[in-house]
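Heads up, the thing below is written out as structure tokens.
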Amino acid sequence: MYNYTNSLSNNFRTAIQKVGENPQSPALNQVASQNSTGEIQSMPAVTPDFNVVVPTGYTKTGVQKLRNGQEIHCYKLNNGQKVYIAPSESAMTTLNTYVNTGSMNEKDSERGISHFCEHMMFNGTKGTDNYMKLGVGDVFRKVEQMGGYANASTGHAETNYTISIPQFNKDDFETIVKMQSAMLNNSEMSDSMVDKEHGPVCSEINMYSDMPSTIVQNTAIKNLYNINSSSDDVIAGTVNNVLNIDRNKVLDYMKNNYYPANMSTVVTGDVNPDEAIEIIAKNFRGQNPQNIDRRFEPLKPIEKTVRKDILSSKAVGTTGAICFNGPAYDNLKDNVAISVINRYLFNKKNSKVGTELKDYNVDVHSNIDKFSANPKDGRIITIQYDSTEENSEIALRNIFNNLVNFQPPTPQELENLKTEIKMVTEKNYENGELLNLDLGNNVLTGNIDNTVNELDALDSLTPQDLVNAVHKYFDINKASVAVIHPDDLANANTINDNYKKAQNVSFKGLEQTNTVLKKTNKLPIKEADVNQYTLNNNLQVAMMNSKNDIADYSLAFKPKFPANVKAGTVSLLTTMLSNRISKFKDFTNNNNISLNVSAAENYMVFDAEVPAKNLDASMNLMKEVFANPDLSQENFEEAKKKVVNDLMISQPNAYDNSLSTLFPDSPRGYTNKDVLKNIENVELADVVGLYKYLTDDSSAACSASLPVERYPEVKIVFDNQLSGLKPMKPVEYHLFNDFKPVEKTKVVTDAANTAQADVVELFKFYNNHSPKSNVANAIVKTILSKGDETGLFNNLREKEKLAYSVYSDLDISQNSSSVLSCNILTTTDSPDMKSYDNVKKSIDGFNRQIGKMVNGEFTDEELKTAKMNLKRSLLEQNDMKQDKVMNLSDTMLNSQSGAFSANRMYELIDTITKEDIVNASRNIFSQKPIYSIRASQATLDANKEYLEKLEG
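Just so we're aligned: the sequence shown equals residues 11 to 962 in this note's numbering.
This is how it looks when you write it as structure tokens:
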């Protein structure tokens with residue numbers, strides 16, 4: 011896949027203290043040497059084994075230390091490749107190699123080749139020079155057999171390859187190192203494999219071409235830098251470009267860009283640095299010389315603002331992108347300042363622009379991202395907003411006014427922003443995968459010293475520094491603006507009219523393979539670390555100690571039966587409660603409180619994150635919202651307007667379209683269309699009634715992660731606050747039976763102007779939610795999605811080349827009805843490709859593979875791999891404290907096994923037999939299916955007879 015932009019480039023997240031650096035290289039047989047201070051200056055080249063011809067020597071250049079004590083061990087291999095190892099207690103060990111190349115290193119006639127080469131890395135290796143021999147898809151297959159996952163992404167200036175595993179077996183780390191080294195240094199790159207990969211990559215291009223956000227971002231980017239490209243998407247390229255890529259072009263690109271000095275490998279997780287670097291040095295021994303004549307896209311930032319408006323049948327709402335040329339990567343202070351400005355104006359809850367545009371139901375966010383592998387080029391700043399057509403110009407004008415008349419945060423507001431950023435940092439330190447990405451964003455610059463000073467730069471920022479950065483980089487006279495409009499709502503005249511109307515709007519507040527187990531006792535949750543107890547008001551509590559100064563808690567309410575409410579009632583209640591919280595924006599900002607609420611017909615949940623010192627303040631606010639939720643007519647009307655506007659600009663999909671057919675006459679079956687159609691029939695009394703039902707007739711559970719060992723008083727505060735809530739119903743597990751058989755196959759269709767057909771086949775089945783049933787159902791889904799012989803991905807994508815995206819999914823809910831779906835996005839009606847029969851091929855493929863599951867035709871190896879994947883999933887879901895907190899409050903109320911449901915499932919995984927999976931499959935697929943297809947009218951017309959036959 012390709013990564014268009016990182017969601018937010020938080021360059022300030024990883025702060026480390028430098029201990030030492032020495033770049034000397036050892037001789038081949040040199041022993042480790044130390045200087046007078048005991049610092050290691052160099053390490054010997056390691057001893058060859060049967061897998062290695064010539065091991066690579068390395069130099070240890072230092073040990074850096076994060077502010078929380080996390081060590082980063084830094085090395086440089088003799089071939090120029092840099093290695094960074096961060097040992098931690100994370101559930102997952104992640105190996106990620108970052109290559110300093112992307113679409114801005116391509117010729118325009120070969121635009122998309124970076125992305126294509128990324129795909130090719132998974133198509134097998136030659137197995138020569140004692141590299142590991144891998145077949146097509148072996149990387150995914152072998153890693154999944156270890157319980158892990160492999161992936162890769164391509165951007166404008168970076169390509170990265172990741173393998174993440176839970177290390178169930180003692181040799182798994184060495185195996186993935188050998189695997190990734192072989193991929194990057196010994197790929198087969200045969201003519202047949204190049205031809206084979208054309209199909210999936212072209213399908214992915216068509217998938218992104220249907221996304222309005224991709225269209226508008228690419229337009230703004232190309233105009234900003236005067237990039238004259240024939241590709242609408244400057245990362246994916248064009249279908250024609252991809253079809254013209256041959257083996258020679260791939261090899262030339264690899265030779266010019268994939269050399270050790272242009273790569274950095276980062277390891278995070280449960281590893282010993284001394285052992286890990288030896289394994290890496292044995293295997294990463296590529297000798298491709300550095301290319302001093304690499305191609306870099308010439309970037310010529312515009313000197314005058316450019317705007318382009320696009321009318322598209324693919325847009326349902328209006329999306330705008332504003333791009334600016336930002337600071338070069340080595341300008342640390344300005345980069346950190348931009349990130350703070352982005353958070354202050356656009357990205358934080360109750361951001362300045364977000365608050366001013368709240369009444370217009372505009373969603374806005376901003377990021378700064380690496381755009382060029384040339385360190386002298388600026389990074390790109392992108393502001394994107396989504397709105398209704400009539401409010402688009404209002405959004406654009408507000409953003410520009412806030413930049414022109416920038417009012418910096420007050421000193422107190424700036425301190426709050428800094429605290430929020432540091433909280434994000436501490437959370438990222440807990441997760442090895444996130445820490446790996448943070449480090450990876452910095453290491454390709456060749457100077458990790460920038461990371462050392464990032465939080466110091468953050469601490470030093472003043473309001474005036476932010477003013478200077480806005481004037482320097484957010485110059486609206488040098489902005490590239492692109493706006494995509496739905497063609498059924500907009501034309502040149504309406505756009506101009508909306509522009510004129512926006513001039514009269516004022517905004518409040520704006521002034522101008524070894525099977526020996528490494529860890530036999532690993533479980534998702536350490537039960538000894540969780541203190542469970544019940545308060546006098548029947549509220550169940552599960553508390554864990556936090557090693558940092560952040561308090562996380564989740565308070566959940568659940569009635570015995572779901573409420574039977576009108577379509578739109580749930581959305582209105584959640585929005586009204588969120589509006590109530592937003593009334594306290596100054597209080598939440600000053601106390602760095604993140605408080606969110608969500609509701610449904612069968613639950614209500616408050617989730618909070620706050621510095622532990624402000625725990626009392628956050629719980630006072632939560633109780634205030636709970637006791638006085640502002641269920642007024644004024645708030646009701648405001649919420650209705652927001653819900654309608656959000657749904658008007660939401661992209662339809664085949665799965666949502668099927669819900670009313672799967673669950674007729676049930677709130678669970680309400681689609682977005684149902685809510686839009688019925689919301690005017692919802693009255694305030696309906697919302698009030700739902701709120702009273704959820705609060706008066708519910709059990710409640712609260713889980714928390716608090717630094718109780720260092721600050722015992724926080725537990726007293728926590729318990730006192732919860733004890734102040736009114737009495738609840740005792741917690742008692744109850745399964746609501748909402749299952750009704752599907753006795754007739756039905757086909758749901760939706761015509762849309764899309765190149766790809768969104769095809770979904772769904773099966774509703776009865777689920778008793780026993781731990782064994784939940785495990786077996788999850789394994790069925792995994793085999794059907796990823797299995798080597800039985801899986802949809804390997805058959806419909808890899809073998810039949812029907813799509814880029816194909817998978818199965820499982821919606822288990824809290825009731826007795828669960829849903830398994832088979833999903834595919836397959837190209838049927840693009841300008842370059844008319845393949846209407848792909849709908850039939852996809853559905854036939856679904857049913858063929860489902861038949862294999864029901865008949866027990868999956869292999870023992872597929873079952874074993876699926877078990878490992880489920881173990882990994884349970885570990886990952888409970889790796890970070892915040893996730894664990896939310897999971898505990900949910901399972902205390904909704905699981906037969908109580909709080910430690912994840913552990914009970916984990917323990918059952920190895921007991922599941924092939925017979926169990928066959929029985930689970932037969933139960934899941936016992937009902938008639940529902941088919942949902944969202945595609946072009948031409949596609950639907952071409953498949954009319956086939957779809958009619960499906961309904962019988």
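All C-beta atoms in this analysis are idealised placements derived from N, C-alpha and C, irrespective of residue type, glycine included.
Check                                                                                                                         : Outcome
Neighbour-count burial assignment, S240, 16 or more Cβ in a 10 Å radius                                                       : exposed
Cβ pair I287, Y68 closer than 9 angstroms                                                                                     : yes
Cutoff 6 angstroms; reference V698; Cβ partners in own chain excluding five residues on either side                           : L641
Nearest to N730 (by Cα), restricted to the options L549, S823, Y814 and L806                                                  : L549
CA-to-CA distance, E207 to D900, given in whole angstroms                                                                     : 43 angstroms
Helix, strand or coil at G336 according to DSSP, with G and I counted as helix                                                : strand
E285 classed as buried or exposed, judged by whether at least 16 other C-beta atoms fall within 10 angstroms                  : exposed
Ordered list of beta strand (DSSP E) runs contained in the stretch 333-395, each at least 3 residues                          : 373-379
For F773, the first and last residue of its enclosing beta strand (DSSP E)                                                    : Q766 to Y776
Span of the beta strand (DSSP E), counted from its first residue to its last, around Y817                                     : S815 to D821
Alpha-carbon to alpha-carbon, V580 and I302                                                                                   : 60 angstroms
Beta-ladder partner(s) of L716, from DSSP                                                                                     : N555
Buried versus exposed, by CB contacts within 10 Å (16 or more), E970                                                          : As shown, the chain starts at 11 and ends at 962. That puts residue 970 outside it, with no answer to give.
Sheet register partners of P496 (DSSP bridge)                                                                                 : S322
Alpha-carbon spacing of V363 relative to E537, whole angstroms                                                                : 44 angstroms
Neighbourhood of A714 by C-beta distance below 8 angstroms, restricted to the same chain and skipping five residues each side : V551, A552, M553, M554, A561, D562, Y563, S564, F728 and V895
Selected residue, minimal CA-CA separation from Y85, among V277, H744 and S670                                                : V277
For V790, the three-state DSSP class (helix, strand or coil)                                                                  : helix
Minimum C-alpha distance to Y665 - residue among K774, E128, V790 and L885                                                    : K774
Cβ pair count under 8 angstroms reaching 3, the stretch 312-325 against the stretch 346-364                                   : no
Neighbourhood of N602 by C-beta distance below 8 angstroms, restricted to the same chain and skipping five residues each side : N426, T429, E430, M433, V620, P621 and N624
Those runs of the beta strand (DSSP E) which lie wholly inside the stretch 697-757 and span at least 3 residues               : 708-716
Distance between K318 and G336 (C-alpha atoms, nearest Å)                                                                     : 21 angstroms
Burial state of I231 (16 or more Cβ within 10 Å)                                                                              : buried
Close beta carbons around R914, own chain, < 6 angstroms, minus the five adjacent residues each side                          : P781 and S907
Same chain, Cβ closer than 8 angstroms to D59, neighbours up to 5 away in sequence not counted                                : Confidence in D59 is poor, its pLDDT being 43 and thus under 50, which makes the residue's placement unreliable; the coordinate value appears in the next sentence. Excluding sequence neighbours, D59 sits near K292.
A695 to F646 span [Cα, whole Å]                                                                                               : 10 angstroms
Nearest neighbour of M586, chosen from P299, K650, E634 and T838 [CA to CA]                                                   : K650
Where T47 falls: helix, strand or coil (DSSP)                                                                                 : Confidence is the limiting factor: at T47 the pLDDT is only 32, short of 50, which leaves the residue's position unreliable and the question unanswerable from this model.
Local Cβ density within 10 Å of D617, reported as buried at 16 or more and exposed below that                                 : buried
Integer-rounded CB distance, given that P473 should sit under 8 angstroms from L424                                           : 6 angstroms
Segments assigned alpha helix (DSSP H), at least 4 residues, entirely inside the stretch 891-933                              : 891-904 and 911-918
Identity of the residues DSSP links to A489 by a beta bridge                                                                  : The partner list for A489 (beta bridge, DSSP) is empty, contrary to what the question assumes.
Where A502 sits in the DSSP three-state scheme                                                                                : helix
Residue of K368, S827 and T755 minimising C-alpha distance to G962                                                            : T755
Closest by C-alpha distance to M273, when choosing among F749, T435 and M264                                                  : M264
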